[in-house]
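>
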Amino acid sequence: MIALIFSWLAQGLFFLVVACFVLYVALELRVLAASRRAEGRRLTPWGSAPQGVLLQSQPRVSVLLPICNESAVVGRLIDAVCAMHYPADKFEVLVLDDSSDHTSALAQQRVSAWAATGVNIRWLGREHRQGFKAGNLRYGIRQTKGEFFVIFDADFAPPVDFLLRTIPCFTDPSLGFLQTGIGYENRDINFLTRFQAMEMGHQQVVTVGLSAEGDMASLSGSSCVWRRSCVESLGGWDDSTVTEDVDLGYRAQISDWKYVYLRDVVSMSVLPETVSAFRVQRERWGRGLMHSAFKHVRKMFHQPMPVLKRMHALAMMFSSLLLASIYGLVLLTLPLNYLVNFDGLGIHWVAVVFFAVVAIWGLNNFFAARKGAGIQGKPPGLWRILWDTYVYVALFLPMAWYYFVGGLRALRGVHGDFSRTPKGADERHGALPPVHRVLWLGEVFTLLYSVLAMVVAWRESNYFLLPINLTVCLGFGLMLWQSWHEGSLRLRQSGRKDHLMPQRILITGATSAIGSALAREYAAPKVTLILHGRRLDVLDQVAADCIAQGAKVQLHALDVRDGAALQAWLEELEALDLVIINAGMNTHIGPQGQAEPWDQVEALLAVNLQASMRIAQAVLPAMRVRGRGQIAFMSSLAGYFGLPVTPSYSASKAGIKAYGEALRGWLAPEGIQINVVMPGYVRSPMCDAMPGPKPWLWPPQRAARAIVRGLARNRARISFPFPLDLGTWCLAVLPAAVSHRIVRWMGYGA
184 MIALIFSWLA
194 QGLFFLVVAC
204 FVLYVALELR
214 VLAASRRAEG
224 RRLTPWGSAP
234 QGVLLQSQPR
244 VSVLLPICNE
254 SAVVGRLIDA
264 VCAMHYPADK
274 FEVLVLDDSS
284 DHTSALAQQR
294 VSAWAATGVN
304 IRWLGREHRQ
314 GFKAGNLRYG
324 IRQTKGEFFV
334 IFDADFAPPV
344 DFLLRTIPCF
354 TDPSLGFLQT
364 GIGYENRDIN
374 FLTRFQAMEM
384 GHQQVVTVGL
394 SAEGDMASLS
404 GSSCVWRRSC
414 VESLGGWDDS
424 TVTEDVDLGY
434 RAQISDWKYV
444 YLRDVVSMSV
454 LPETVSAFRV
464 QRERWGRGLM
474 HSAFKHVRKM
484 FHQPMPVLKR
494 MHALAMMFSS
504 LLLASIYGLV
514 LLTLPLNYLV
524 NFDGLGIHWV
534 AVVFFAVVAI
544 WGLNNFFAAR
554 KGAGIQGKPP
564 GLWRILWDTY
574 VYVALFLPMA
584 WYYFVGGLRA
594 LRGVHGDFSR
604 TPKGADERHG
614 ALPPVHRVLW
624 LGEVFTLLYS
634 VLAMVVAWRE
644 SNYFLLPINL
654 TVCLGFGLML
664 WQSWHEGSLR
674 LRQSGRKDHL
684 MPQRILITGA
694 TSAIGSALAR
704 EYAAPKVTLI
714 LHGRRLDVLD
724 QVAADCIAQG
734 AKVQLHALDV
744 RDGAALQAWL
754 EELEALDLVI
764 INAGMNTHIG
774 PQGQAEPWDQ
784 VEALLAVNLQ
794 ASMRIAQAVL
804 PAMRVRGRGQ
814 IAFMSSLAGY
824 FGLPVTPSYS
834 ASKAGIKAYG
844 EALRGWLAPE
854 GIQINVVMPG
864 YVRSPMCDAM
874 PGPKPWLWPP
884 QRAARAIVRG
894 LARNRARISF
904 PFPLDLGTWC
914 LAVLPAAVSH
924 RIVRWMGYGA
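The opening position of the sequence shown corresponds to residue 184 in our numbering, with each subsequent residue numbered one higher.
(1) Can you tell which of ARG888, LEU215, ASP344 and LEU738 has its C-alpha closest to the C-alpha of ASP720?
(2) Suppose the cutoff is 6 Å on Cβ atoms and the five residues either side in sequence are ignored; what does the same chain contact list for ILE713 look like?
(3) Suppose the cutoff is 6 Å on Cβ atoms and the five residues either side in sequence are ignored; what does the same chain contact list for ILE855 look like?
(4) Express the C-alpha separation of LEU445 and ASP421 in angstroms, rounding to a whole number.
(5) Go through the segment 269-353 residue by residue and report every complete run of the alpha helix (DSSP H) that reaches 4 residues or more, in order.
(6) Using only the alpha-carbon positions, how far apart do PRO918 and ARG927 sit?
(7) If the criterion is Cβ atoms closer than 8 Å, does the pair PHE331 and PRO270 meet it?
(8) Would you mind working out which of LEU880, TYR931 and GLY511 sits nearest LEU907, comparing C-alpha positions?
(9) Taking contact to mean at least 3 C-beta pairs separated by less than 8 Å, is the segment 636-650 in contact with the segment 482-491?
(10) THR363 bridges to which residues according to DSSP?
(11) Given a cut-off of 8 Å on the beta-carbon distance, is the pair ALA255 and GLN732 in contact?
(12) What is the DSSP secondary structure of HIS958, reduced to helix, strand or coil?
(13) For SER282, is the classification buried or exposed, using 16 other Cβ atoms within 10 angstroms of its Cβ as the cut-off for buried?
(14) Return helix, strand or coil for GLY812, following the three-state DSSP convention.
(15) Between the alpha carbons of ILE373 and ALA498, how many angstroms are there, rounded?
(16) DSSP three-state call for ARG866: helix, strand or coil?
(17) Going by beta-carbon coordinates alone, are PHE197 and LEU515 separated by less than 8 Å?
(18) Secondary structure at ALA202, three-state DSSP: helix, strand or coil?
(19) Provide the residue(s) that pair with MET861 in DSSP beta bridges, ordered along the chain.
(20) Measure the beta-carbon distance from SER450 to THR349 and round it to whole angstroms, keeping in mind my assumption that it falls under 8 Å.
(21) Just to confirm before moving on: does the CB-CB distance between ARG888 and GLU704 stay below 8 Å?
(22) Here's the rule: buried if 16 or more other CB atoms are within 10 angstroms of the residue's CB, otherwise exposed. What is ALA317?
(23) Select from ASP447, GLY773 and ASN652 the residue whose C-alpha is nearest the C-alpha of PHE344.
(24) Bridge partners of ILE855, per DSSP?
(25) Taking only heavy atoms of the ligand GTP into account, decide whether any of them is closer than 7 Å to the Cβ of GLU704.
(26) Quick one: measure Cβ to Cβ for CYS203 and LEU505, integer angstroms, because I've assumed they're closer than 8 Å.
(27) Considering only their Cβ atoms, is the gap separating CYS265 from VAL278 smaller than 8 Å?
(28) Comparing alpha-carbon positions, which option in ARG321, ALA766 and GLU626 lies nearest ASN791?
(29) Roughly how far, in whole angstroms, is the beta-carbon of GLY329 from the beta-carbon of SER406, given that I think they are within contact range, below 8 Å?
(30) Can you list, in chain order, the residues of its chain with a C-beta nearer than 7 Å to that of PRO804? Leave out the 5 residues immediately preceding and following it.
(31) How would you label ARG370, buried or exposed, when you count the other beta carbons within 10 angstroms and need 16 or more for buried?
(32) How far does the alpha helix (DSSP H) with CYS729 in it reach, from first residue to last?
(33) Out of GLN793, THR770, GLY392 and LEU820, point me to the one whose CA is closest to ASP782's CA.
(34) Assess contact between the segment 204-214 and the segment 532-549, defined as three or more Cβ pairs (one per stretch) separated by less than 8 Å. Is contact present?
(35) Would you mind stating whether GLU754 and ALA799 have Cβ atoms separated by less than 8 Å?
(36) Could you round the C-beta distance between VAL921 and GLY875 to whole angstroms and report it? I think they count as a contact, below 8 Å.
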């Protein structure tokens, strides 16, 4: 009898979750249809206004920048905000600093620099960090004079015409606030950032539809504009929840203030790049979103609105609870396999319906996510679409676990426990809050639990729930694999002694895409970076970013073809721990097969080969005296097999590869490490100019991290990405007739 009661209870919970999910998907599909209908409309009245147009009738605006220990991004934020176009006498910037580290010093330096140019900018710090971001904003607005508040979190960078395109929307006095679109600079770093960019992109497409239909929406609260009278009428930000922006947005919409969502005004942001940061962020979001939903649902029901709009409001407010309940469904799979005989019961039909709706939701979500994330180009083939969609859906299951924990903590009254999301270099060294260990252990438990559920299902011949557990194993397995990779990297970094880490690093070609990414990757306290390039203006920006991360920076601009000047400069430098010889150029045949111009060929060989060898010869004597040092030569996968479209470039890279490998064999007994870096295609102006296809194109940040890892391990060849590396190596060992046929088939040459 007890087993029967538990059986029906488990089935009832399963049916309830599936029914809520089906209803949610139906409502979301309706919103996505509304979003498609809204395409092509001009969302902003000033969308075509030329940059720099100063409208003297504009109201006074106060830009609020709440920050807390954001050394990696604070300089970028302040520079982007102060560069916005708006009448100077009606524009003020307040840096609201709750930092307890060197972020404050960096922020005050940037504030002083911009104030000297005439920008009305102030730095404000509180003695006690009460109320976290909400308390900081409440403190800040008391110091402002603006009719409108513009808010950016520390990891944002708005476009220069942000104010000119948003403030004119407030001609309607009932418009209380406005949210703009968000793009992500680091979306291609790893599978986790790509997933987040697509998930957040999907949410933005959904918000377009909600805005077009006039339905309630949950907005991020950064890259937004608030009317001062709206904020004051609502009592300002509430620090009783960790999602204070969502809370204020709910109160505004329930109080009949209107909102506008401007998807075509895009501020750039950064995503968490590590699983640890992602876990903690999503637990906090889930906890805050559920707290805000239950806090305001009663007021929402008292608000007169049509039934359909109320259903959309409920679906939006409790979507986080629905996601958490999906984890509850995962937990039901084991008892259902024990307690229920699936033959002849309706549960297997419910399971089929659930899987079908998940497939529909996943495919719609996948394509909307690609669009919202700004992923251009033709979608992949059918099988790749199905696989990518399956992986995309699988990654929602670990997120369901994070929201589940957040919901449990919210039920226990944990509403104000705020753990900021690390950004940039902070992710590599910051301490993790206690909840992170709970989330990680839960992932391990869930993976083992699902494996056990599959074993039981197989033994009991109850196969209908196997797809759920298989998907759980994929999603949680990916997270645990990435977590292991992150943990091993942390262990290597913490285990290395300071005297063994490179302290003085020379990077030539630091104005290039890879060179600048490497500089930012190595930038840290106690590190001195000597950055070389041909353009001081670009070097200045790279240096500013590195200094913001605590590094000391020395700059030098010269043409490496000037051998005498290059030699004299290198001889003046103090002992170097690591030299990355990265300066390079490219040339290629013409569109009709014209030969490469000989002056360009000479310049290319002088830069790529001769200058690289001269730099090595200049720095080696001091390293040999010390008995240690490291030199990295920037070759290319084109050094394996010459591409018909870039013969001189391929020759120079093959030459520097052979030279570096020869030096490694010669100098290894003396303690000198020589490495040859062989990248594939890395997004950059030089790469864009190259003819031919560019498979497996990597962003420079991802390439820089692969190089840093390879240099730390002293790998002889640091080559990537793997498929292209393997392919070009095969071209080198295959018979030439076969290799050239493959190259022509791939689109290189005639």
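For every residue, glycine included, the Cβ atom is placed at its ideal position computed from N, Cα and C.
These numbers come from a predicted model, not from an experiment.
In brief:
(1) The sequence position of residue 720 within the sequence shown is 537, counting from 1. Of all alpha-carbon atoms in ARG888, LEU215, ASP344 and LEU738, the one lying nearest the alpha-carbon of ASP720 is that of LEU738.
(2) In the sequence shown, residue 713 corresponds to position 530, counting from 1. So the qualifying residues of the chain are LEU689 and GLN737.
(3) Counting from one through the sequence shown, the residue named residue 855 turns up at place 672. In chain order, MET806 and GLY812 place their CB closer than 6 Å to the CB of ILE855, counting only its own chain and leaving out the 5 sequence neighbours on each side.
(4) As a first step, residue 421 must be located in the sequence shown, where it is residue number 238. As a first step, residue 445 must be located in the sequence shown, where it is residue number 262. Cα to Cα, ASP421 sits roughly 25 Å from LEU445.
(5) Those alpha helix (DSSP H) runs which fall completely within the segment 269-353 and span 4+ residues are 286-298, 315-324 and 345-349.
(6) Taking the first residue of the sequence shown as position 1, residue 918 is located at position 735. Taking the first residue of the sequence shown as position 1, residue 927 is located at position 744. Here the C-alpha atom of PRO918 lies approximately 15 Å from the C-alpha atom of ARG927.
(7) For the purposes of this step, residue 331 is taken as the residue at position 148 of the sequence shown. For the purposes of this step, residue 270 is taken as the residue at position 87 of the sequence shown. Contact flag unset, no.
(8) By one-based count along the sequence shown, residue 907 stands at place 724. When each option's Cα is compared against that of LEU907, the closest is LEU880.
(9) The answer is no - the segment 482-491 does not touch the segment 636-650, with fewer than three Cβ pairs under 8 Å.
(10) On the sequence shown, position 180 is the one that residue 363 refers to. Looking at the DSSP assignment, THR363 forms a beta bridge with LEU445.
(11) As a first step, residue 255 is located in the sequence shown; it is residue number 72 there, counting from the start. As a first step, residue 732 is located in the sequence shown; it is residue number 549 there, counting from the start. Contact: yes.
(12) For the chain, the structure presents residues 184 to 933; residue 958 sits outside this window and is missing.
(13) Within the sequence shown, the letter at position 99 stands for residue 282. Counting Cβ neighbours within 10 Å, SER282 comes out buried, since at least 16 surround it.
(14) Looking up residue 812 in the sequence shown gives position 629. Strand at GLY812.
(15) As a position in the sequence shown, residue 373 is number 190, starting the count at 1. As a position in the sequence shown, residue 498 is number 315, starting the count at 1. Residue identity differs from the one stated: residue 373 is Asn in this sequence, not Ile. Their backbone Cα atoms lie some 31 Å apart in a straight line.
(16) Along the sequence shown, read from residue 1 onward, the residue named residue 866 stands at position 683. In this structure, DSSP gives ARG866 a state outside helix and strand, which the three-state scheme calls coil.
(17) If you number the sequence shown from 1, residue 197 lands on position 14. If you number the sequence shown from 1, residue 515 lands on position 332. Yes, they are a contact pair.
(18) To locate residue 202, count along the sequence shown from 1; it is residue 19. Three-state result, ALA202: helix.
(19) Working through the sequence shown from its first residue, we reach residue 861 at position 678. Paired residue(s): SER902.
(20) Counted from its first residue, the sequence shown places residue 450 at position 267. Counted from its first residue, the sequence shown places residue 349 at position 166. With 8 Å as the limit, SER450 and THR349 do not qualify as a contact, their Cβ atoms being about 11 Å apart.
(21) Stepping through the sequence shown from its first residue, residue 888 is reached at position 705. Stepping through the sequence shown from its first residue, residue 704 is reached at position 521. ARG888 places its beta carbon less than 8 Å from that of GLU704.
(22) If you number the sequence shown from 1, residue 317 lands on position 134. Counting of Cβ neighbours within 10 angstroms places ALA317 among the buried residues, the total reaching 16 or more.
(23) Reading the sequence shown from its first residue, position 161 is the one you call residue 344. For the sequence presented, residue 344 should be read as Asp rather than Phe. Minimum Cα distance to ASP344 is reached at ASP447.
(24) Within the sequence shown, numbered from 1, the residue matching residue 855 stands at position 672. For ILE855, which the question treats as bridged, DSSP gives the partners GLY812.
(25) Questions concerning the ligand GTP fall outside what the structure shown contains, since it holds no ligand whatsoever.
(26) Residue mapping note: residue 203 aligns to position 20 of the sequence shown, counting from 1. Residue mapping note: residue 505 aligns to position 322 of the sequence shown, counting from 1. The pair is a contact, with the Cβ atoms about 6 Å apart (cut-off 8 Å).
(27) In the sequence shown, the residue the question calls residue 278 occupies position 95. In the sequence shown, the residue the question calls residue 265 occupies position 82. If you check the CB distance, VAL278 and CYS265 do not come in under 8 Å.
(28) The residue you call residue 791 lines up with position 608 of the sequence shown. Checked all of ARG321, ALA766 and GLU626; the closest Cα to ASN791 is ALA766.
(29) Position 146 of the sequence shown, counted from the first residue, corresponds to residue 329. Position 223 of the sequence shown, counted from the first residue, corresponds to residue 406. Not confirmed; about 17 Å, so no contact.
(30) Start at 1 with the first residue of the sequence shown, and residue 804 comes out as number 621. The answer is none, since no qualifying residue turns up.
(31) Locating residue 370 in the sequence shown gives position 187, where the first residue counts as 1. By the neighbour-count criterion, in which 16 or more other beta carbons inside 10 Å mark a residue as buried, ARG370 falls on the buried side.
(32) Sequence index remark: in the sequence shown, residue 729 carries index 546 (1-based). Residues 719-731.
(33) Translated into positions along the sequence shown, residue 782 becomes position 599. Nearest option by C-alpha distance: THR770.
(34) Flag = yes, the segment 204-214 and the segment 532-549 touch.
(35) Here residue 754 is taken as the residue at index 571 of the sequence shown, counted from 1. Here residue 799 is taken as the residue at index 616 of the sequence shown, counted from 1. Result no, Cβ atoms of GLU754 and ALA799 do not sit closer than 8 Å.
(36) Walking along the sequence shown from the start, residue 921 turns up at place 738. Walking along the sequence shown from the start, residue 875 turns up at place 692. VAL921 to GLY875, Cβ: 19 Å. No contact.
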